[in-house]
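The opening position of the sequence shown corresponds to residue -12 in our numbering, with each subsequent residue numbered one higher. We treat Cβ as the ideally placed atom computed from N, Cα and C, and that holds for glycine. What follows is one structure encoded as structure tokens, with my remarks underneath.
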Amino acid sequence: MIELKVAIKDKYYANSEQAVLAQLDFTVKPGEFVAIIGPSGCGKSTLLNMISGLESCEGQHLSYNQSAYQEGIANNKELHQLGYIFQQPRLMPWLTVRENIELILQPDQFHKIDGLLAQVGLENEGEYFPSQLSGGMQLRVSIARAFAINPQLLLLDEPFNSLDAPTAARLRQLLIDLCAQRGTTVIFVTHDLQEAIYLADRIIFMSDSPSTIVHQSIVDLPRP
Ligand code: ADP
Ligand code: ADP
């Protein structure tokens, strides 16, 4: 299980004089489900992109299980097991559901795909193309794809935003179950407090930019 430490002094984009993130310091414990909540544009996606290595984290201190990783994510074996679920499902439209998952697996792992599709309730949709599926079903595919690599650390960026309420509720429960079964360490970004309370063990509140932590609270409510 992965423990993640994040210590960001400040983060600037090249074309801007104002920092996006400042003095952002927190640790996510192994197997913990943390929600990060903050206003739109405060830098939540930037933070996830830095944690995933999509955005530079030069000069900052990020580490997992005590090993610093800014010197090159490619060399960090455990970070190969990082899952990232975006706001949009980001499926390749010219590939079937099954092929979209095959894309990130070695051929000797393809046998796992049927089981994964069944877990997300898509046992009959493997040969469909994304455009033949509803938004909720496309998101199920992107969840199956993220779990295909058995992620140690899972990042989610407001994945349920564009879904109707009952679909979002079903997928939240699916996410909780998949993560709990595997002990996945999770960082879930949202601007929805109710969603954060429902999902998370702990909520980190971020301010507007330059964004920093203004409050953290442990969620100690039994799930319905
Ligand atoms: P959030 O996810 O909280 O909505 P973002 O991380 O997407 O916030 O954006 C934070 C701020 O940084 C916004 O003002 C946004 O316009 C800016 N920003 C995001 N990505 C870039 C980029 N690649 N280059 C320059 N500015 C960016
Ligand atoms: P969100 O707020 O949902 O995180 P955005 O619509 O702000 O998403 O950003 C979508 C994409 O555009 C991201 O990859 C982000 O890095 C990029 N982006 C956002 N703002 C800027 C900006 N001011 N300059 C350049 N790229 C940006």
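My output table needs one value for G122: the three-state DSSP class, helix, strand or coil. helix
Can you tell me whether S196 sits near ligand 1, meaning its C-beta is under 7 Å from at least one heavy atom of the ligand? Relative to ligand 1, the nearest heavy atom lies less than 7 Å away from the CB of S196.
Got a sec? Which residues, its chain only, sit under 7 Å from L87 by beta carbon, not counting five neighbours each side? Per the sequence shown, residue 87 should be read as Asn rather than Leu. Cβ within range, chain order: L78, M79, V128 and R132.
Segments assigned beta strand (DSSP E), at least 3 residues, entirely inside the region 21 to 103: 48 to 51 and 69 to 72
Status (buried if at least 16 other CB within 10 Å, exposed otherwise) for T299: This structure cannot settle anything about residue 299, because the visible part of the chain is limited to -12 through 211.
Look at I226 and I136 and say whether their C-beta atoms are less than 8 Å apart. Beyond the ends of the chain as shown, which are -12 and 211, falls residue 226; an answer cannot be given.
Pop quiz: L186 and F175 are said to be a contact at Cβ under 8 Å. What is the actual Cβ separation, rounded to whole angstroms? 6 Å
Proximity test, T199 beta-carbon vs ligand 1 heavy atom, cut-off 7 Å: Taking 7 Å as the cut-off, the C-beta of T199 does not count as close to any heavy atom of ligand 1.
Excluding the five sequence neighbours on either side, which residues of its own chain have a C-beta within less than 8 Å of the C-beta of T83, listed in chain order? G113, E114, Y115 and F116
May I ask you to report which of helix, strand or coil DSSP gives I184? helix
Whose CA, out of Y0, L162 and I184, lies closest to the CA of L103? L162
Interface flag, K(-8) vs chain D, CB-CB below 8 Å: The structure shown contains no chain D; it holds only a single protein chain.
Spatial neighbours of T177 within its chain, please: CB distance less than 7 Å, with the 5 preceding and 5 following residues excluded, ordered by chain position. A22, I24, E145 and A183
When you measure from the CB of T177 to every non-hydrogen atom of ligand 1, does any distance come out below 7 Å? no
Hey, could you find the ends of the beta strand (DSSP E) I190 is sitting in? R189 to M193
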